[in-house]
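Read in order, the letters of the sequence shown correspond to residues 1 to 236 in full-length UniProt numbering. For each residue, glycine too, the CB sits at the ideal point set by N, CA and C. Bear in mind the structure is a predicted one, so any value in this text is a computation, not a measurement. First comes the structure, then the notes that go with it.
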Amino acid sequence: MKRIPVMEVFGPTIQGEGMVIGQKTMFVRTGGCDYRCSWCDSSFTWDGTGKSTLLSAADIVSQLKEIGGDRFSHVTISGGNPAIHQGIGELVSMLKERGIKTAVETQGSIWQDWMQDVDDVTISPKPPSSKMETDFEKLDTYIERLKDYNSSLKVVIFNEEDLQYAEKVHKRYPEVPMYLQVGNDEVDTVENDSLLSRLLERYEWLIDKAVESPELNDVKVLPQLHTLVWGNKRGV
Ligand SMILES: C[S@@+](CC[C@H](N)C(=O)[O-])C[C@H]1O[C@@H](n2cnc3c(N)ncnc32)[C@H](O)[C@@H]1O
Ligand SMILES: Nc1nc2[nH]cc(C(=O)O)c2c(=O)[nH]1
Ligand code: SF4
Ligand SMILES: [Mg+2]
């Protein structure tokens with residue numbers, strides 16, 4: 001049994017982002033990331049400020065049950081980059097055996113065969129504002145391996161350059177459902193009222209941009225719903 005560094009297990013809450021937004025779900029957040037996005041809202045998973053616990057898949061299932069009781073049937077695995085951890089395959093199969101659906105959030109930089117066993121795979125390649133570089137050949141292989149599975153692309157947008165990047169990604173993978181997500185540029189604030197107005201303003205800006213772009217006719221434009229409701233609070 002391979003053990004997995006886990007930062008937090010929480011829920012049930014709602015999935016605040018992307019392809020299954022609104023879905024009632026538990027979250028398992030793993031530690032460690034191969035990226036260092038400039039605006040990462042979960043940097044405690046990789047910058048040394050957070051603490052992880054090494055758990056087996058069975059331990060994680062027990063924690064999920066302990067925290068969520070019988071009030072869930074869906075688990076979202078995020079991070080950090082959960083794809084660093086081979087052991088998640090076992091967690092996914094244990095949950096499946098118990099009739100629990102799974103989702104994963106990853107940037108698409110590291111492949112694991114267990115990706116194909118996950119019910120909802122969100123691939124979130126990083127735009128220029130993140131200061132990360134996308135290896136498009138690697139991403140091609142990723143998308144190819146998931147073409148017969150339920151996957152989607154989600155690009156976070158902070159500026160015009162990010163929008164051009166999203167257009168490029170959408171054009172390269174026209175068959176994959178594409179989500180544009182409002183970037184939160186105040187990940188440390190506790191001023192929920194001003195954060196909410198800022199994010200709604202940014203959402204309106206993003207809608208306007210998608211509306212005026214003929215390259216973005218078939219996209220879905222979303223805010224991070226959990227941030228609108230709870231601000232930058234952790235574990236929700
Ligand atoms: C924290 S990441 C963890 C999963 C994986 N490392 C990834 O980036 O896809 C989960 C999602 O949050 C998004 N995200 C991170 N920081 C954000 C921010 N400041 N504003 C909006 N979305 C953000 C990421 O792009 C990703 O889609
Ligand atoms: N409610 C809620 N929805 C989310 N969707 C993606 C999240 C993440 O951090 O990966 C997240 C999160 O942390 N909370
Ligand atoms: S890839 Fe995801 S977890 Fe890693 S730094 Fe970027 S947003 Fe944060
Ligand atoms: Mg988050």
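With respect to the beta strand (DSSP E) encompassing M7, which residues constitute its N-terminal and C-terminal limits? Residue mapping note: residue 7 aligns to position 7 of the sequence shown, counting from 1. Taken as a continuous stretch (DSSP letters only), the beta strand (DSSP E) holding M7 covers I4 to I14.
Taking the continuous beta strand (DSSP E) assigned at E17, which residues delimit it? Translated into positions along the sequence shown, residue 17 becomes position 17. Neither: E17 is in no beta strand (DSSP E) and is coded neither H nor E.
Can you tell which of E215, L180 and V219 has the C-alpha that lies nearest to the C-alpha of residue 238? Since the first residue of the chain shown is 1 and the last is 236, residue 238 is not available in this structure.
Those runs of the alpha helix (DSSP H) which lie wholly inside the stretch 45-111 and span at least 4 residues: As far as the stretch 45-111 is concerned, its whole alpha helix (DSSP H) runs of at least 4 residues are 57-68 and 88-97.
Which of helix, strand or coil DSSP assigns to T227: Along the sequence shown, one-based indexing puts residue 227 at 227. Looking at T227 - three-state DSSP - the assignment turns out to be helix.
I29 (DSSP reduced to helix, strand or coil): Here the question's residue 29 lines up with position 29 in the sequence shown. Per the sequence shown, residue 29 should be read as Arg rather than Ile. Note: R29 maps to strand in three-state DSSP.
Which residue wins for smallest C-alpha separation from Q86, given the options P127, K2 and Y173? Mapped onto the sequence shown, residue 86 falls at position 86. Comparing Cα-Cα distances from Q86 to each of P127, K2 and Y173, the minimum goes to K2.
To the nearest angstrom, report how far apart G69 and I60 are at their CA atoms. The residue you call residue 69 lines up with position 69 of the sequence shown. The residue you call residue 60 lines up with position 60 of the sequence shown. Their Cα atoms are separated by approximately 13 angstroms.
Would you mind reading off the limits of the alpha helix (DSSP H) that contains I21? The residue you call residue 21 lines up with position 21 of the sequence shown. Per DSSP, I21 belongs to no alpha helix (DSSP H) and is neither H nor E.
Suppose you measure from the CA of L153 to the CA of K233; what does that come to, to the nearest Å? One-based indexing of the sequence shown puts residue 153 at position 153. One-based indexing of the sequence shown puts residue 233 at position 233. Each residue's Cα considered, the two are about 25 angstroms apart.
List the whole-angstrom C-beta distance separating Y165 from P223, where the pair is believed to meet the contact cut-off of C-beta under 8 angstroms. Translated into the one-based positions of the sequence shown, residue 165 becomes position 165. Translated into the one-based positions of the sequence shown, residue 223 becomes position 223. Rounded, the Cβ-Cβ distance is 19 angstroms, inconsistent with contact.
Give the range of the beta strand (DSSP E) segment to which Y179 is assigned. The residue given as residue 179 occupies position 179 in the sequence shown. Here the beta strand (DSSP E) through Y179 covers M178 to V182.
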